[in-house]
Amino acid sequence: MGTMRPSVAWLSGGVAALLAAAPLSAQPGQPMQREPYPATLQFGTGLINIPVAWVSSTTGDMWVQTSAKTIPSFPDQDRQSLPSLINTNLAMDTHWMGRFSVGVSAYSQNPEYGFFGSVLLLRDQGYLPAVAVGARNVGPYKCEERLLIGHDIRLDADSTYEEFCGYDGFRTAPTLYAVATKEFALQSLASRMPAALMSVSVGMGNGLFSDDGDLGEEYNTKGTIAKGLFLGTRFSAHPTLNTTVHLMVENDGWDWNAGLVGDWRGLSLGIYGTELEEGSRSETKPGRLIWNYTKLNVSLGYNGNIYDIARGVILRTRITDLTREQQRLRYEIASRERRIRGLEVALRRAQAGELAEMQRRREQLESDLNAEREEIRKANERLRQIQEGRQPTTPPPATTPPPSTTPPSTGGTSTPSR
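Each position in the sequence shown, counted from 1, maps to that position plus 17 in our numbering.
In structure tokens, the structure reads:
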């Protein structure tokens with residue numbers, strides 16, 4: 018491997034100076050607000066590729082992230098399909114009890130997978146940095162290299178697929194590491210905004226951080242500071258109260274990387290450049306199809322809390338049930354209101370019919386009553402004339418006999434007396 022460039026040495030010295038000056042910016046007696054770290058490209062929280070000594074203080078915090086990296090594997094890229102040209106990675110990291118984290122990562126579309134985790138041994142307090150130990154690529158895929166494409170599948174002569182190691186020299190499962198991280202606060206850009214933070218991390222590891230699979234310069238031509246040594250720094254600021262921007266620079270043991278991640282209410286989008294010192298892809302470089310050229314990476318992630326999400330799901334389920342019940346009650350009320358309107362119409366019609374029938378009956382009774390009164394008047398007038406012994410000038414009109422109140426007699430006839 019090549020020697021370290023002067024610019025790389027200057028950057029390393031700057032990181033060391035920041036680590037030495039970090040405690041000077043912290044105010045004694047006041048706890049510093051910690052800024053959550055974003056998810057790395059491939060394994061849990063950290064910088065770009067390297068881990069940090071940090072675990073969320075809130076139990077159940079979770080990071081889910083997917084990332085993509087273009088890695089040509091054929092000399093003629095026109096022969097390569099998009100799924101094989103872009104290597105994707107999916108990882109989920111969970112933090113517990115403020116002391117340890119555990120997660121799982123799917124390395125590619127095949128897919129291969131591996132577990133990872135860390136334990137926080139010492140918290141960042143005073144002049145002492147936080148210290149953590151951890152593991153990566155815990156699983157059956159032992160010959161993964163740093164880009165996590167060491168395993169592949171192929172079609173055998175009997176038309177069955179089998180897994181195989183593309184690079185037999187790697188032994189990276191598991192990869193163990195130790196890392197120290199120191200954070201310090203900077204002047205807030207605005208009084209109402211949270212303070213900007215800066216951190217530096219330094220660590221050592223084997224496997225993915227140091228094993229080159231006996232490939233030598235084909236695997237890495239320059240960028241390594243010391244075998245297994247990785248370091249990096251992060252600057253975090255808040256353009257708005259709900260937005261966080263992370264600027265990160267690191268050396269992952271092999272190459273120099275830089276990235277920018279924006280976070281808004283737990284949703285994050287990252288753009289990274291890796292292997293920056295290698296330059297553009299060239300057919301004459303060793304490992305030209307996979308390693309030793311600058312690559313562009315993108316990531317999309319989400320950060321939340323498992324318990325909050327579970328409570329939110331339960332709450333949303335309850336809200337859905339209540340909404341459905343509300344809709345059912347509204348439908349029932351509307352149906353009953355329509356029924357009430359129909360009954361009211363029927364009642365008004367019935368009342369109108371009864372009133373009309375009663376009016377007709379009243380008129381008939383009044384007519385009958387007036388007729389009876391007229392007959393009584395005429396009978397009284399005739400009786401008065403008879404009593405006075407006067408003969409009527411005109412024959413009395415035939416009167417309608419009153420209705421009999423007793424049944425007619427069935428005996429013999431009687432002769433009226435004179």
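Beta carbons: idealized from backbone N, C-alpha and C, even for Gly. If you're wondering where the values come from, they're calculated on a predicted model, not measured in any experiment.
{"Item": "Pairs of beta-carbons, one from the region 148–161 and one from the region 181–190, closer than 8 Å: are there three or more?", "Value": "yes"}
{"Item": "Does DSSP put residue 324 in a helix, a strand or coil?", "Value": "helix"}
{"Item": "For the beta strand (DSSP E) containing residue 297, name the first residue and the last one.", "Value": "Element bounds for residue 297: n/a, residue is neither H nor E."}
{"Item": "Grab the span of the beta strand (DSSP E) containing residue 256 for me, first residue to last.", "Value": "246–257"}
{"Item": "Helix, strand or coil for residue 338, going by three-state DSSP, please let me know.", "Value": "helix"}
{"Item": "Taking just the CA atoms, how far does residue 329 sit from residue 306?", "Value": "46 Å"}
{"Item": "Using DSSP bridges, identify the partner residues of residue 193.", "Value": "152"}
{"Item": "With contact counted as at least three CB pairs below 8 Å, one residue from each stretch, are the region 113–122 and the region 352–363 in contact?", "Value": "no"}
{"Item": "Helix, strand or coil: how does DSSP classify residue 39 here?", "Value": "Confidence is the limiting factor: at residue 39 the pLDDT is only 42, short of 50, which leaves the residue's position unreliable and the question unanswerable from this model."}
{"Item": "My assumption, with CB atoms under 8 Å, is that residue 81 sits in contact with residue 324. Please give the rounded CB distance.", "Value": "About 15 Å separates the two Cβ atoms, so there is no contact after all."}
{"Item": "Take the Cβ of residue 153 as the centre, count every other Cβ of all protein chains shown within 10 Å, and call the residue buried at 16 or more, exposed below.", "Value": "buried"}
{"Item": "Using the C-alpha atoms, what's the distance from residue 378 back to residue 369?", "Value": "14 Å"}
{"Item": "Look at the alpha carbon of residue 112 and the alpha carbon of residue 72, and state the distance between them as a whole number of angstroms.", "Value": "6 Å"}
{"Item": "Tell me the DSSP secondary structure of residue 388 in three-state form.", "Value": "helix"}
{"Item": "Take residue 134 and list the residues in its own chain whose beta-carbon comes closer than 7 Å to its own, dropping the five residues that flank it on each side.", "Value": "117, 118, 119, 120, 151 and 152"}
{"Item": "Can you say whether residue 366 is buried or exposed, counting buried as having 16 or more other CB atoms within 10 angstroms of its CB?", "Value": "exposed"}
{"Item": "Which whole-angstrom value is the C-beta distance of residue 1 and residue 141, which I expect to be below 8 Å?", "Value": "This structure does not reach residue 1, given that the chain is present from 18 up to 435, and the question cannot be answered."}
{"Item": "Between 286, 350, 252 and 235, which lies nearest to residue 310 when the distance is taken from Cα to Cα?", "Value": "235"}
{"Item": "How about residue 253 and residue 213: do their beta carbons lie closer than 8 Å?", "Value": "yes"}
{"Item": "Tell me, please, which residues DSSP counts as bridged to residue 142.", "Value": "145"}
{"Item": "Alpha carbons only, please: which of 85, 69, 67 and 60 is nearest the one belonging to residue 286?", "Value": "85"}
{"Item": "Inspect the beta-carbon positions of residue 68 and residue 263 and report whether they are closer than 8 Å.", "Value": "no"}
{"Item": "Residues in the same chain with beta-carbon distance under 6 Å from residue 273, minus the five sequence neighbours each way, listed in chain order, please.", "Value": "240, 293 and 294"}
{"Item": "Quick one: measure Cβ to Cβ for residue 288 and residue 266, integer angstroms, because I've assumed they're closer than 8 Å.", "Value": "No, residue 288 and residue 266 are not in contact; Cβ-Cβ is about 14 Å, not under 8 Å."}
{"Item": "Closest by CA to residue 228, which one among 260, 215, 261 and 269?", "Value": "269"}
{"Item": "Just to confirm the assignment, what range does the beta strand (DSSP E) spanning residue 235 have?", "Value": "Per DSSP, residue 235 belongs to no beta strand (DSSP E) and is neither H nor E."}
{"Item": "Tell me the rounded alpha-carbon separation between residue 291 and residue 192.", "Value": "21 Å"}
{"Item": "Considering only DSSP beta bridges, list what residue 311 is partnered with.", "Value": "For residue 311, which the question treats as bridged, DSSP gives no partner whatsoever."}
{"Item": "According to DSSP, is residue 224 part of a helix, a strand, or is it coil?", "Value": "helix"}
{"Item": "Given 7 Å as the limit, tell me if residue 104 has its C-beta closer than that to any heavy atom belonging to the ligand ATP.", "Value": "For the ligand ATP, the structure offers nothing, since it holds no ligand at all."}
{"Item": "Report the three-state DSSP secondary structure of residue 267 (helix, strand or coil).", "Value": "strand"}
{"Item": "Could you tell me whether the Cβ atoms of residue 248 and residue 297 are closer together than 8 Å?", "Value": "no"}
{"Item": "Tell me which residues share the same chain as residue 139 and place their Cβ nearer than 7 Å to its Cβ, disregarding the 5 neighbours each side in the sequence.", "Value": "145, 147 and 148"}
{"Item": "When the Cα of residue 89 is compared with those of 129, 107 and 166, which residue comes out closest?", "Value": "166"}
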